[in-house]
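Chains as they are written, first to last, in the numbering used here: chain A, 896 to 1282; chain B, 2 to 386. Every residue gets a Cβ at the ideal spot worked out from N, C-alpha and C, and that includes glycine.
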């Protein structure tokens, strides 16, 4: 018969101080583990949801993002002439020539940062159904007007509807605030592409975006664009384009988080070991009694391992509870890859929960195994004598 | 004296527990040191920047170029000693994972303006003579195993095409805050090719580096440069090199904050672990301390025994951690050079380690001491285990 779970729970309860201290050490480690994983998940989610799989982004071959891409007018024309774009409500092809520039704006918190300004075409908004105007309206074409993303409006100084923002040498009126339900477009400023190209004296577009009329034929469209010797362009589904923009930074966050958590876990595991060793040492005669009552070595081993696992799990749950509070926090920083400001939040997904709990159980096990083994190997007679 | 003996004996009574706790403290101190090194790495470029240099860039954003013709006009601004210029090339070596900074610069003036890049005279002359030549930092050269005379091909991202360069020199930093992972080649080489293939991008530079005659007047010089180009097609924004570097760092401020929070968390973890050990140790010895009290030891001396043991453990852990940190940093320098070119431990960090260890030792003894002092001797003697 195995040792009842209640026995372990009561033991942990009796040594309240040690239990609480050990579990909180593990909780802090799980907190670091969970929060870094939440951050990188949040970044990925923000950028993955930004792109829709039916849209195609065409940029210059060799460009890593729209920022360093250029598409000539005639090239855009050739791609549009392929006629692969789905029709919009009014029958014209759902396709937009866009230009992306970075400008430096002052942050509310002091300092400056790079903000992406997207010059849009008539169908840019139609291609991104997640973008909604929450205040005011979209900029008119042919006018020096901008709509700003909600994350930008919140974090940058002087960005208020009705106000103006200076882009290069021109003043643009802020006519609307748009929200893109937490995707990267919430961290952009939108204006008429032709106005932006004039203001920044840029003769070329950055990208061409269109919705595929038949998404299943993407490969053919891609081959037609990339195989055309006149065009030095590449085509990519919008979703994979945006996912790639998250890779470098997500990897950095993950590596940083994982190495910290692993390093810190050594400390917490040792803490667990100290506690479990003390628990075993303090209960030597008790273990002797249990053995004398007929509990086998295996039961003692499993019993103490169970106790360590409970300790780890308690820490894991506490750490997760603490980390889950971070869901209300939004981080805004410069994405290394696009070199522009991006707001994203901590994202608590099922994977993070499962991994954190497994991690905490592993810590409990690592801390408890040696002491448990020691307990199971005790000689009955000697153990009983130590009382 | 007798107290000291008791402290040492007590600490060594359960060697396994003490060793484990010391190890935990060591790991935490190691982690703390590495995090501090990481933060220092973030700010290293600020320390490396000079007060007598200004950086001028396009006022719109760093992504927009300035015409090369500005160089002559800048040289005539009052207080300007030297002008150099360059562009961020953004080339990729084999794969994107091999990231390092690469710039096209006006070689002669750039090396004059940056005396902290130390280059043997012969290599410098070779580099200046060869239009396709480049110089790279020692760490970068070691990372890819290049040798002088090797041809290195970069794939352009901003400037399309494949670009071949010949390694002509390896520079070392005069101080250790100098980034030794950079790659410099001739701006003229870039410009010649652009004239053929992308004439619209030719004759432009990403930034001007300006050496001023008198660092005191740097701010005034910056203002007069900007006013010289006011209302032109490309307005300039001139700031000290330090401010320029800081503006980059402030962009990733959020991450710096996270690292700071995390380094506090690690301190909390050690405190918890050591406090746990001390609490357990004291609990086991409650009876002994009661005996000591009965024998006439004052409460103060008992607290001293507990505190001494706590400090002993944290000091041992601190020492181990600091000793382990140096090889660890050496290892990480090679691994992380793509993200952090400069990575080292400064004296301040070591001092902080000691402070942290002392704090941990102090906090950990509070609860056990309080418990021991409060308990009545009779109760303590009665208590078992």
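For residue 1009 of chain A, the chain B residues whose Cβ falls inside 9 Å of its Cβ are 62, 63, 64 and 252, in order along the chain.
In this structure, residue 127 of chain B lies near residue 169 of chain B, with their beta-carbon atoms less than 7 Å apart.
Proximity of chain A to residue 156 of chain B at the Cβ level (cut-off 9 Å) is accounted for by 957, in chain order. Residue 307 of chain B places its beta carbon 7 Å or farther from that of residue 293 of chain B. Proximity of residue 1219 of chain A to chain B, defined by a Cβ-Cβ separation below 7 Å, is not satisfied. Under DSSP, residue 156 of chain B forms a beta bridge with B/93 and B/163.
With respect to chain B, the C-beta atom of residue 913 of chain A has a partner C-beta closer than 7 Å.
Residue state for residue 239 of chain B is assigned as strand, using DSSP reduced to three classes.
Looking at the DSSP output, residue 899 of chain A sits in no beta bridge, so it has no partner there.
When Cβ-Cβ separations below 7 Å define contact, residue 18 of chain B makes contact with chain A. Residue pairing for residue 1172 of chain A: DSSP places it in no beta bridge.
In the displayed model, residue 68 of chain B falls within a strand according to three-state DSSP. For residue 278 of chain B, a Cβ of chain A is located within less than 7 Å of the residue's own Cβ. Here the alpha carbons of residue 63 of chain B and residue 55 of chain B stand approximately 15 Å from one another. With a cutoff of 7 Å on beta-carbon distance, residue 931 of chain A and residue 1152 of chain A are scored as near each other.
Boundaries of the alpha helix (DSSP H) around residue 312 of chain B: 300-336.
DSSP places residue 117 of chain B in the coil class of the three-state scheme, outside both helix and strand. Excluding residues up to 5 positions away in sequence, 924 and 1258 lie with their Cβ nearer than 6 Å to the Cβ of residue 1160 of chain A in the same chain. Considering only A/1072, A/1082, A/1034 and A/1168, the residue with the shortest C-alpha distance to residue 1270 of chain A is A/1168. Note that the C-beta distance between residue 69 of chain B and residue 260 of chain B is not below 7 Å.
Counting every other CB atom within 10 Å of its CB across the protein chains shown gives residue 904 of chain A a total below 16, marking it as exposed.
By DSSP's assignment, residue 194 of chain B forms no beta bridge with any residue. DSSP lists A/1227 as the bridge partner or partners of residue 1238 of chain A. Secondary structure note for residue 1132 of chain A: its beta strand (DSSP E) is the uninterrupted segment 1128-1132.
Counting only residues of its own chain and dropping the five nearest sequence neighbours on each side, residue 1209 of chain A has a CB closer than 7 Å to the CB of 918. By the neighbour-count definition (other C-beta atoms within 10 Å, threshold 16), residue 1090 of chain A is a buried residue. In the three-state reduction of the DSSP assignment, residue 131 of chain B falls in the coil class. By the Cβ-count criterion, residue 914 of chain A is buried, with 16 or more other Cβ atoms from all chains shown falling within 10 Å of its own Cβ. For residue 23 of chain B, the closest Cβ of chain A is not nearer than 7 Å. Residue state for residue 1061 of chain A is assigned as strand, using DSSP reduced to three classes. Closer than 7 Å to the CB of residue 1079 of chain A there is not a single CB belonging to chain B.
Residue 1094 of chain A: member of the alpha helix (DSSP H) spanning 1088-1094, first to last residue. With a cutoff of 7 Å on beta-carbon distance, residue 961 of chain A and residue 1000 of chain A are scored as not near each other. Your pair residue 1003 of chain A and residue 1052 of chain A checks out as a contact, with CB atoms roughly 5 Å apart and the cut at 8 Å. Leaving aside the five residues that flank residue 1174 of chain A on each side, the residues in its chain whose CB is nearer than 8 Å to its CB run, in chain order, 906, 910, 913, 1199, 1202 and 1266. Against chain B, the beta carbon of residue 996 of chain A has neighbours under 9 Å at 61, 62, 64 and 65, listed in chain order.
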